[in-house]
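Residue numbers (the numbering used here), protein chains in the order written: chain A, 13 to 352; chain B, 36 to 108.
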């Protein structure tokens with residue numbers, strides 16, 4: 013709780029359950045009931061005191077616990093903008109996350125149904141949610157260590173299965189929350205806490221892996237390309253089938269401390285300069301693309317969706333089984349009538 | 036109009052460094068958390084591209100559209 017910033021009367025009403033429910037989603041430009049009076053508002057009487065998209069966030073946990081300059085906050089910001097532009101009711105969204113810094117993006121900050129699951133199993137839980145509630149939009153936001161490392165098998169098999177999920181993988185090259193251990197996406201030749209001399213493993217190009225495994229929509233962007241990322245997120249949410257967006261993000265603290273610079277601006281400029289659009293890579297060899305991030309839409313294809321097929325199969329089998337039961341019942345009745 | 040919520044800012048300087056027209060600078064005064072928030076130095080240069088609003092990890096800077104609509108129309 014932001015001590016001293018909250019309107020005490022509203023907070024008391026809120027905790028005792030007597031608060032007006034409509035005040036939870038403040039109208040654009042009005043004073044926020046949960047945050048109350050903010051010092052900047054006192055000085056600036058005219059105009060809104062808070063970001064208009066704070067109505068999509070849980071205000072009691074703000075400001076975020078992300079480190080200074082973390083790309084996770086940018087992803088949260090872009091995601092909120094994407095949802096706002098699409099005019100989706102947040103009550104129709106289920107955000108599923110795993111464990112790690114990037115899993116903190118929707119849970120607890122984004123104000124929708126969130127499912128914070130065990131390490132690496134976000135997609136497994138999300139499959140269950142989507143199969144039982146096909147009307148909800150199921151969105152998974154988790155990190156590279158969670159989805160590509162611990163839960164790598166869930167990821168490729170979910171792509172193969174082609175269930176209608178939207179996966180946003182925030183790739184910051186490292187296990188940031190636990191202190192900077194090497195992850196499956198750490199670039200070759202990087203120093204981390206667990207590879208203090210050199211990382212001799214080659215990284216997973218995780219978007220390419222998902223594209224090869226059969227994802228319906230696969231794209232890759234960095235946290236610098238916010239407008240393209242926003243459009244890509246909207247396409248991924250709208251796409252029927254398994255859609256996957258890899259978001260290359262900066263980690264100034266855990267990754268930056270071992271690779272030379274902890275300055276978020278420098279790291280973001282490195283991401284910008286190392287990016288190359290997929291349309292510009294024609295005729296470039298593997299060596300040319302070493303150390304570069306190929307950004308853009310990698311794959312978009314139309315495949316049969318798993319949930320639709322499953323429900324169709326269930327209804328068909330239900331009909332045929334009930335027909336069989338009817339037939340069996342008639343036989344029994346006729347047997348009784350004939351007195352056998 | 037550019038609005039800056041100084042209490043949310045963590046002073047990462049991404050907004051001021053990546054502004055295409057150099058509108059934003061860094062304040063010389065600390066906020067209550069001990070960070071240097073950005074300040075609007077050249078408001079007339081702002082094209083309203085919203086890059087700072089989208090790049091900010093902390094929802095601390097935002098642009099109000101009505102003002103830009105008025106200027107355009």
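The C-beta atom is built at its ideal place from N, Cα and C for all residues, glycine as well. In this text, all values refer to a predicted model and were calculated from it rather than measured experimentally.
Take the Cβ of residue i as the centre, count every other Cβ of all protein chains shown within 10 Å, and call the residue buried at 16 or more, exposed below.
i: residue 77 (chain A); result: exposed
i: residue 170 (chain A); result: buried
i: residue 301 (chain A); result: exposed
i: residue 268 (chain A); result: buried
i: residue 242 (chain A); result: buried
i: residue 165 (chain A); result: exposed
i: residue 62 (chain A); result: buried
i: residue 209 (chain A); result: exposed
i: residue 313 (chain A); result: exposed
i: residue 99 (chain A); result: exposed
i: residue 333 (chain A); result: exposed
i: residue 176 (chain A); result: buried
i: residue 345 (chain A); result: exposed
i: residue 63 (chain B); result: exposed
i: residue 326 (chain A); result: exposed
i: residue 323 (chain A); result: exposed
i: residue 298 (chain A); result: exposed
i: residue 231 (chain A); result: buried
i: residue 190 (chain A); result: exposed
Leaving out five residues before and five after residue i in sequence, what residues of the same chain have Cβ atoms less than 7 Å from its Cβ?
i: residue 85 (chain B); result: 98
i: residue 75 (chain A); result: none
i: residue 251 (chain A); result: 228 and 229
i: residue 279 (chain A); result: 262, 264, 268 and 273
i: residue 41 (chain B); result: 66 and 72
i: residue 51 (chain B); result: 59, 60, 61 and 73
Going by CA-CA distance only, name the one from the options that's closest to residue i.
i: residue 201 (chain A); options: A:213, A:138, A:193 and A:190; result: A:213
i: residue 256 (chain A); options: A:265, A:277 and A:225; result: A:225
i: residue 260 (chain A); options: A:314, A:296, A:209 and A:197; result: A:197
i: residue 67 (chain B); options: B:36, B:43, B:38 and B:75; result: B:43
i: residue 106 (chain A); options: A:141, A:117, A:96 and A:72; result: A:141
i: residue 291 (chain A); options: A:279, A:305 and A:317; result: A:305
i: residue 114 (chain A); options: A:131, A:120, A:122 and A:154; result: A:154
i: residue 195 (chain A); options: A:176, A:215 and A:238; result: A:215
i: residue 217 (chain A); options: A:307, A:275 and A:296; result: A:307
i: residue 103 (chain A); options: A:245, A:148 and A:344; result: A:148
i: residue 71 (chain A); options: A:101, A:122, A:24 and A:30; result: A:122
i: residue 120 (chain A); options: A:131, A:108 and A:130; result: A:108
i: residue 146 (chain A); options: A:211, A:101, A:64 and A:319; result: A:319
i: residue 168 (chain A); options: A:222, A:276 and A:162; result: A:222
i: residue 101 (chain A); options: A:159, A:127, A:67 and A:203; result: A:67
i: residue 49 (chain B); options: A:277, A:282 and A:79; result: A:277
i: residue 110 (chain A); options: A:157, A:341 and A:144; result: A:157
i: residue 96 (chain A); options: A:237, A:29, A:233 and A:245; result: A:245
i: residue 150 (chain A); options: A:180, A:293, A:270 and A:338; result: A:180
i: residue 143 (chain A); options: A:349, A:321 and A:237; result: A:321
Sorted by chain position, which residues of the same chain lie with C-beta nearer than 8 Å to residue i's C-beta, five sequence neighbours on each side aside?
i: residue 56 (chain B); result: 77, 80, 81 and 82
i: residue 315 (chain A); result: 174, 226, 228 and 253
i: residue 274 (chain A); result: 264, 265 and 268
i: residue 88 (chain B); result: 96, 97 and 98
i: residue 54 (chain B); result: 86 and 87
Just verifying my parser: in three-state terms, what is the DSSP assignment at residue i?
i: residue 92 (chain A); result: helix
i: residue 37 (chain B); result: strand
i: residue 350 (chain A); result: helix
i: residue 125 (chain A); result: strand
i: residue 230 (chain A); result: strand
i: residue 58 (chain B); result: coil
i: residue 199 (chain A); result: coil
i: residue 66 (chain A); result: helix
i: residue 165 (chain A); result: helix
i: residue 137 (chain A); result: helix
i: residue 212 (chain A); result: coil
i: residue 178 (chain A); result: strand
i: residue 187 (chain A); result: strand
i: residue 193 (chain A); result: strand
i: residue 80 (chain A); result: coil
i: residue 243 (chain A); result: helix
i: residue 100 (chain A); result: coil
i: residue 265 (chain A); result: coil
i: residue 54 (chain A); result: A caution first: residue 54 (chain A) carries a pLDDT of 38, below 50, which makes its placement in the model unreliable, though a value can still be read off. Three-state DSSP puts residue 54 (chain A) in a helix.
i: residue 109 (chain A); result: strand
i: residue 316 (chain A); result: coil
Is there at least one non-hydrogen atom of the ligand SAM closer than 7 Å to the beta-carbon of residue i?
i: residue 299 (chain A); result: This structure does not include the ligand SAM; it has no bound ligands of any sort.
Leaving out five residues on either side along the sequence, give the residues of the same chain with a beta carbon under 6 Å from the beta carbon of residue i.
i: residue 266 (chain A); result: 186, 188 and 192
i: residue 49 (chain A); result: Here the model assigns residue 49 (chain A) a pLDDT of 38, short of 50, so the residue's position is not dependable, and the following value carries that caveat. Same-chain partners within the cutoff: there are none.
i: residue 87 (chain A); result: 117, 182 and 259
i: residue 248 (chain A); result: 178, 229, 255 and 257
i: residue 54 (chain A); result: The predicted position of residue 54 (chain A) is uncertain, since its pLDDT is 38 and thus under 50; a value taken from the coordinates is nonetheless stated next. Same-chain partners within the cutoff: there are none.
Are there three or more Cβ pairs, one per stretch, closer than 8 Å when the stretch 177 to 186 of chain A is compared with the stretch 80 to 90 of chain A? A contact exists between the stretch 177 to 186 of chain A and the stretch 80 to 90 of chain A.
Say whether the stretch 285 to 305 of chain A touches the stretch 134 to 144 of chain A, bearing in mind that this needs 3 or more beta-carbon pairs closer than 8 Å, one atom from each stretch. Between the stretch 285 to 305 of chain A and the stretch 134 to 144 of chain A there are fewer than three inter-stretch CB-CB distances shorter than 8 Å, so the stretches are not counted as touching.
Using 8 Å as the threshold, is the stretch 87 to 97 of chain B in touch with the stretch 86 to 100 of chain A, meaning 3 or more CB pairs across them? Yes, since at least three Cβ pairs between the stretch 87 to 97 of chain B and the stretch 86 to 100 of chain A fall closer than 8 Å, the two stretches touch.
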